[in-house]
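S.K.: Going by the UniProt record's numbering, the sequence shown opens with residue 1, and the numbers climb by one from there. Glycine residues also receive a C-beta, built at the ideal position from the N, C-alpha and C atoms.
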Amino acid sequence: MIGALYFLVLGLYLLLLLLLSHQWKKIPFPPPVENHPSGLNATLLLPFRNEKSHLTSLLPHLLHTLPDHLKLIFIDDHSEDGGAGVIHSFIEKNQLGHWLCIKSKGIGKKAALTRGVEASSSTLLLTTDADVRLQTGWFESMSAPFSHPNVQLVAGPVISSGGAGLFARFQQIEWAAIILLTAISFHRKRPLMCSGANLAFRRDAFLKVRGYQGNAHLLSGDDEFLMKKIIREYGAASGVYRPYLSALVTTFPLSGPAAWIRQRSRWASKWNAHKGQTHIMTAAGLALAALAQVLTFFLFLISWKWSIGMAVFWIGKFAVERAVLSRVLSRFQRSAGHTDYLIAGWLFPVLVLAALPSAISGKYSWKGRKN
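See the structure below:
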């Protein structure tokens, strides 16, 4: 009986991946022809803390990538590395009157973004991070859906890029899984997540839902909580996801497993702060699937029957994960090798379980701050 239930969990995991792949095919690609909103008044908000090493290369990138009319507000979340000075010098040197660097009044990313909203009078606000790169045409792609008056929030894909080695390639495959789940949840009008590194929303919508009120005490969740509040206020059709290369934001891969565990623990720590059961069930399902997969390493040794069962699952897991996630990567002109999928498929559940204790307790550190 226990064995049957165990194989049922493994089978449901593979079935879910196939169902997600089927839903992915239903998302229009390439994007439909759209009318870009004319005369759109927009500002990009970029909060930062101790990002001097990234800012030196980010600033010229933004100057050459963003349209000249787009306003840009950098919000310093009490950096200790002199990053604000780098920005001020760059603005002065290039005479960028529409760029601004201000200091946050509070502590944390949400306080910084709130300060940015207060400092801007634009109709449309976009957000990103300091450790990213944007596509040429990113602003146009992310702002296009706002030609529809009912659209209040637009989310875009994020994926790691650059870096060498197996762990960097693993992260790119994992990001593909995040994009897959996010895109389909939006497509089914039940959005689960989004990333503040690639987000846009109407200023009026932010003010109407009172921004981060109710979750400001949490270091994480500036993106998901805001999205959920806007969706609850305006309806599921008010949120749009852009799973297209033109809207892609790339970020640098994390340095190693320890950094990955710290970041994902922070992301997952808000699992019980959402209203409703969807996030709790999703988190529990992910943890259960990870545990079931890790146990296959040990159950393989029980008997020859279990060995055959585990071998069948391993082969099926590799084939399905590669088939599904390669479709996502190819949409963004990326690819991974057979070995990458094989190792990523087994590394991910191990890392999920390693991140679980901090995610459950809600205890983690981020840029010198503890939650």
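With a 10 Å radius around its C-beta and 16 neighbouring C-beta atoms as the bar for buried, classify K110 as buried or exposed.
M.R.: Here residue 110 is taken as the residue at index 110 of the sequence shown, counted from 1. Buried, because 16 or more other Cβ atoms sit within 10 Å of the Cβ of K110.
S.K.: Three or more C-beta pairs under 8 Å: does that hold for the stretch 260-269 against the stretch 342-360?
M.R.: yes
S.K.: Please confirm whether H36 and S143 have their CB atoms less than 8 Å apart.
M.R.: In the sequence shown, residue 36 corresponds to position 36, counting from 1. In the sequence shown, residue 143 corresponds to position 143, counting from 1. Taking 8 Å as the Cβ cut-off, H36 and S143 qualify as a contacting pair.
S.K.: Cutting at 7 Å between CB atoms, please list the residues of its own chain near F348, excluding the five before and the five after it.
M.R.: The residue given as residue 348 occupies position 348 in the sequence shown. If we look at F348 and ignore the five residues flanking it on each side, its Cβ neighbours are E174.
S.K.: Check the C-beta distance from V240 over to F186 and give it rounded, since I have them as a contact under 8 Å.
M.R.: As a first step, residue 240 must be located in the sequence shown, where it is residue number 240. As a first step, residue 186 must be located in the sequence shown, where it is residue number 186. Yes, they are in contact, since the Cβ atoms of V240 and F186 sit about 7 Å apart, within 8 Å.
S.K.: Roughly how many angstroms lie between the CA atoms of L153 and A290, to the nearest whole one?
M.R.: Here residue 153 is taken as the residue at index 153 of the sequence shown, counted from 1. Here residue 290 is taken as the residue at index 290 of the sequence shown, counted from 1. Between L153 and A290, the C-alpha separation is close to 32 Å.
S.K.: Assuming I159 and I179 form a contact by the criterion Cβ under 8 Å, report the distance between their Cβ atoms to the nearest whole angstrom.
M.R.: Along the sequence shown, read from residue 1 onward, the residue named residue 159 stands at position 159. Along the sequence shown, read from residue 1 onward, the residue named residue 179 stands at position 179. In this structure I159 is in contact with I179, their Cβ atoms being roughly 7 Å apart against a cut-off of 8 Å.
S.K.: For the stretch 41-53 and the stretch 81-92, state whether three or more C-beta atom pairs, one from each stretch, are separated by less than 8 Å.
M.R.: yes
S.K.: Just tell me which of A258, H217, L18 has its CA closest to the CA of V350.
M.R.: One-based indexing of the sequence shown puts residue 350 at position 350. Between V350 and the set A258, H217, L18, the nearest pair of CA atoms involves A258.
S.K.: Output the boundary residues of the alpha helix (DSSP H) element that contains T128.
M.R.: On the sequence shown, position 128 is the one that residue 128 refers to. No alpha helix (DSSP H) holds T128; DSSP gives it neither H nor E.
S.K.: Given A112, which residues of its chain have a CB within under 6 Å of its CB, disregarding the five upstream and five downstream residues?
M.R.: Stepping through the sequence shown from its first residue, residue 112 is reached at position 112. Answer for A112: P47, I75, D77, S104, listed in chain order.
S.K.: Which residues does DSSP list as the beta-bridge partners of G162?
M.R.: As a first step, residue 162 must be located in the sequence shown, where it is residue number 162. In DSSP, G162 forms no bridge with anything.
S.K.: Would you kindly report the start and end of the unbroken alpha helix (DSSP H) that includes T136?
M.R.: Position 136 of the sequence shown holds residue 136. Note, T136: premise wrong, no alpha helix (DSSP H); not H, not E.
S.K.: Let me know the secondary structure DSSP gives K71 once reduced to three states.
M.R.: Taking the first residue of the sequence shown as position 1, residue 71 is located at position 71. Strand at K71.
S.K.: Buried or exposed: I315, going by 16 or more other Cβ atoms within 10 Å of its Cβ?
M.R.: Counting from 1 along the sequence shown, the entry for residue 315 is found at position 315. I315 should be labelled exposed.
S.K.: Go to G83, then tell me how far its alpha helix (DSSP H) extends in each direction, as first and last residue.
M.R.: Reading the sequence shown from its first residue, position 83 is the one you call residue 83. G83 -> alpha helix (DSSP H) spans 83-94.
S.K.: In this structure, how does DSSP classify G332 when only helix, strand and coil are distinguished?
M.R.: In the sequence shown, residue 332 corresponds to position 332, counting from 1. A small fix is needed here, since residue 332 is Phe in this sequence, not Gly. Three-state result, F332: coil.
S.K.: How long is the line joining the alpha carbons of L58 and F252, rounded to whole angstroms?
M.R.: Looking up residue 58 in the sequence shown gives position 58. Looking up residue 252 in the sequence shown gives position 252. Roughly 12 Å separates the two Cα atoms.
S.K.: Does the count of Cβ pairs from the stretch 15-23 and the stretch 118-135 closer than 8 Å reach three?
M.R.: no
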